Every structure is written in C-alpha cells, then in structure tokens.
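What follows is one structure encoded as structure tokens, with my remarks underneath.
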Amino acid sequence: MLKGKTALVTGSTSGIGLGIAKALAAQGANIVVNGFGDAEAPQAELRALGVQVHYHGADMSKPAEIEDMMKSAADKFGRVDVLVNNAGIQHVANIEDFPPQRWDAIIAINLTSAFHTTRLALPAMRQANWGRVINIASAHGLVASAGKSAYVAAKHGIVGMTKSVALETATTGVTCNAICPGWVLTPLVQKQIDDRSAREDISVEQAQKELLGEKQPSLQFTTVEQLGGLAVFLCSAAADQVRGVAWQVDGGWTAQ
Ligand code: NAD
Numbered sequence: 019m020l021k022g023k024t025a026l027v028t029g030s031t032s033g034i035g036l037g038i039a040k041a042l043a044a045q046g047a048n049i050v051v052n053g054f055g056d057a058e059a060p061q062a063e064l065r066a067l068g069v070q071v072h073y074h075g076a077d078m079s080k081p082a083e084i085e086d087m088m089k090s091a092a093d094k095f096g097r098v099d100v101l102v103n104n105a106g107i108q109h110v111a112n113i114e115d116f117p118p119q120r121w122d123a124i125i126a127i128n129l130t131s132a133f134h135t136t137r138l139a140l141p142a143m144r145q146a147n148w149g150r151v152i153n154i155a156s157a158h159g160l161v162a163s164a165g166k167s168a169y170v171a172a173k174h175g176i177v178g179m180t181k182s183v184a185l186e187t188a189t190t191g192v193t194c195n196a197i198c199p200g201w202v203l204t205p206l207v208q209k210q211i212d213d214r215s216a217r218e219d220i221s222v223e224q225a226q227k228e229l230l231g232e233k234q235p236s237l238q239f240t241t242v243e244q245l246g247g248l249a250v251f252l253c254s255a256a257a258d259q260v261r262g263v264a265w266q267v268d269g270g271w272t273a274q
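Numbering (my numbering), first residue to last: 19 to 274.
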C-alpha cells in the first residue's frame, strides 16, 4: 500500500517508533529512522523487510538538527509522505520539585519538535496533494495524572496542534491525526515500573500489575504492533476523511 512512499518516524530506534516504522515498512514504505542508542539493529530489521532505510540522528530538542534531518530525508527520498512524530521522554515529579531543565526538554522533544517537522514536511505534502501526519500523543493527551505536568502539558498540546493542522489541511489530500496509547511496555514505561518497584519495595511483576490496575481497565499492555496497525490504517484510503482525531488505544483508560 505504501510502496514508493517515504515515512519518517522520529524516535524510531526503540519502542513504539520502531514498531510503527516496521508496520509502515511492511507496507512497502522507505523509512527515515531517527533516535538515540543503537541505530544499526533497527535499520537492519527494517532493511530485512525489503525497503530502503536512511538514518539521521537529529536531537529533537534542537531545531537546527531537525531542519538538517528534514533536508537530508528530502535529499535522499525526494520528500516525506508520512511523518510520524513519536520521539518522547518522560520525567515524573510534583510540579514544585520539577527540574526546569526537564520541563524544557519534555516540551521541546514531545511537542515543539512536531511543530518543526510538520512545518517543514507540509509544503511537499501539499504539492503532492497527499500526506499523513501522525502524532503519537498519549492517554495523557486527554486526561492527566499527578506528577506528570510537563508530559501532560506537552501531550494535550500535541492533541491541540493535531486539530489545527487537520483544519489547515482539510481541503487537501493531507491528513493529520493523533494516536493516544495507554500503557505500552517500552523502555520509557519499564523505567516507571522499576522506579515503582524500588519505591514501594515490591517485585517488578507486582509493580507492573499495580501500574496497569491503576489506569488501564483491560489490565493488558497496548502493543507496538497494535499501534503500527492503526498507523497503517490512518495511511489508507479508508482514512481519507479521518481528520483531527485523537484516537485512544488505551484498554479503556480514558473511557472511565
Ligand atoms: P522509548 O523510550 O522506547 O523510545 C523513545 C524514542 O525516542 C527512542 O528512539 C529515543 O532514542 C528517542 N528519543 C528520545 N529523546 C530524543 C531526542 N531528543 N531526539 C531524538 N530522539 C529521541 O519510548 P516509547 O514508549 O516508545 O515512546 C514513544 C512515544 O510514545 C513517546 O512520545 C511517548 O510519550 C509515547 N507514549 C508512550 C506510551 C507508553 O506506554 N510507552 C504511552 C503513550 C504514549
């Protein structure tokens, strides 16, 4: 379905970003990988799906590096057809203890980076009269939790930006939507489970159960494959009139 198209997924060396990149590659899209850590193994996994892969290690908190990544993607593949704004970090602390630098980093990486990638990707999408912007928000884009003021602010922000971009592109073949996962067992969440296990002096298994029990009525983690499946659907013709939604994949979290 996406043969000949190019998908750029920020933060795709790990977790949800890598899962979505694999799902898009399985549909034939060439992939621009971004993110920190081991970039070789994810690229090899994607190449094994028979697509071309290009890596750019831009730090999503640095606008100049984001510009360079978008330029390098266009130089390599012509344009970005599918933009998945996924890179994100977390820090948990009550607001009076929240380190200002952590606040700035969360807003920059989880929200402002999507402003830059979107503004730079849209002109070519408009010209082609086809494009998909998929923002990985969160259940925390719709409801809050204590201790996550920066994350909740960034995720509510990206849900709002999604709606504005959807309206600005409404008469074109470009759509913009957000996906709002509940708990997904990635390194980002594993750290919160490990912190809880240490804080409450309970086993990691018990901490995992409590984490799910507190928020996610299904008591099961959302998987990266499920999120990849939704991203593929949002790229399909069936989703041409899906515009500006914030789609929960959260085991019932935000239905409560
Ligand atoms: P993860 O830690 O597994 O992956 C994060 C990715 O972002 C990695 O590739 C990392 O290298 C990259 N990254 C981090 N900082 C970066 C920076 N400054 N520049 C470039 N890349 C950077 O986390 P994940 O759980 O896969 O999270 C991915 C997205 O999904 C995030 O936006 C997160 O908020 C969102 N999300 C996660 C969950 C969950 O339960 N895991 C739930 C809802 C939403």
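A virtual CB, placed ideally from N, CA and C, is assigned to each residue, including glycine.
Quick caveat: nothing in here was measured; it's all calculated off a predicted structure.
Specify the secondary structure class of residue i as computed by DSSP and reduced to three states.
{"i": "V183", "result": "helix"}
{"i": "Q234", "result": "coil"}
{"i": "L67", "result": "coil"}
{"i": "P81", "result": "helix"}
{"i": "W265", "result": "strand"}
{"i": "A188", "result": "coil"}
{"i": "L203", "result": "coil"}
{"i": "I220", "result": "coil"}
{"i": "T24", "result": "strand"}
{"i": "H72", "result": "strand"}
{"i": "A162", "result": "coil"}
{"i": "T241", "result": "coil"}
Would you report the Cα separation of residue i and residue j, rounded to the nearest angstrom?
{"i": "S56", "j": "A256", "result": "Going by the sequence as given, residue 56 is Asp instead of Ser. Distance between the alpha carbons of D56 and A256 is about 35 Å."}
{"i": "A106", "j": "N128", "result": "In the sequence as displayed, the identity of residue 106 is Gly instead of Ala. Going by the C-alpha atoms only, they are around 5 Å apart."}
{"i": "L185", "j": "E223", "result": "44 Å"}
{"i": "A162", "j": "S215", "result": "22 Å"}
{"i": "C194", "j": "A188", "result": "9 Å"}
{"i": "V202", "j": "G35", "result": "12 Å"}
{"i": "S156", "j": "H174", "result": "9 Å"}
{"i": "A39", "j": "C253", "result": "13 Å"}
{"i": "Q61", "j": "Q274", "result": "39 Å"}
{"i": "V183", "j": "D219", "result": "45 Å"}
{"i": "G191", "j": "D258", "result": "7 Å"}
{"i": "D99", "j": "A47", "result": "9 Å"}
{"i": "A44", "j": "L67", "result": "6 Å"}
{"i": "G33", "j": "I49", "result": "16 Å"}
{"i": "T240", "j": "V27", "result": "19 Å"}
{"i": "G22", "j": "N153", "result": "22 Å"}
Residue i: beta carbon under 7 Å from a heavy atom of the ligand NAD?
{"i": "V110", "result": "no"}
{"i": "T204", "result": "yes"}
{"i": "G35", "result": "yes"}
{"i": "M78", "result": "yes"}
{"i": "F54", "result": "yes"}
{"i": "N195", "result": "no"}
{"i": "G106", "result": "yes"}
{"i": "I125", "result": "no"}
{"i": "W148", "result": "no"}
{"i": "T180", "result": "no"}
{"i": "N128", "result": "yes"}
{"i": "G29", "result": "yes"}
{"i": "I152", "result": "no"}
{"i": "V50", "result": "no"}
- Message: Going residue by residue through the segment 79 to 160, where are the continuous beta strand (DSSP E) segments of at least 3 residues, counting only ones entirely within it?
- Response: 100 to 103, 149 to 154
- Counting Cβ pairs, one atom from each stretch, are 3 or more of them under 8 Å apart for the segment 132 to 142 and the segment 110 to 120? no
- Message: In chain order, what are the residue ranges of uninterrupted alpha helix (DSSP H) at least 4 long that sit wholly in the segment 26 to 68?
- Response: 33 to 44, 58 to 65
- For the segment 86 to 96 and the segment 63 to 75, state whether three or more C-beta atom pairs, one from each stretch, are separated by less than 8 Å. yes
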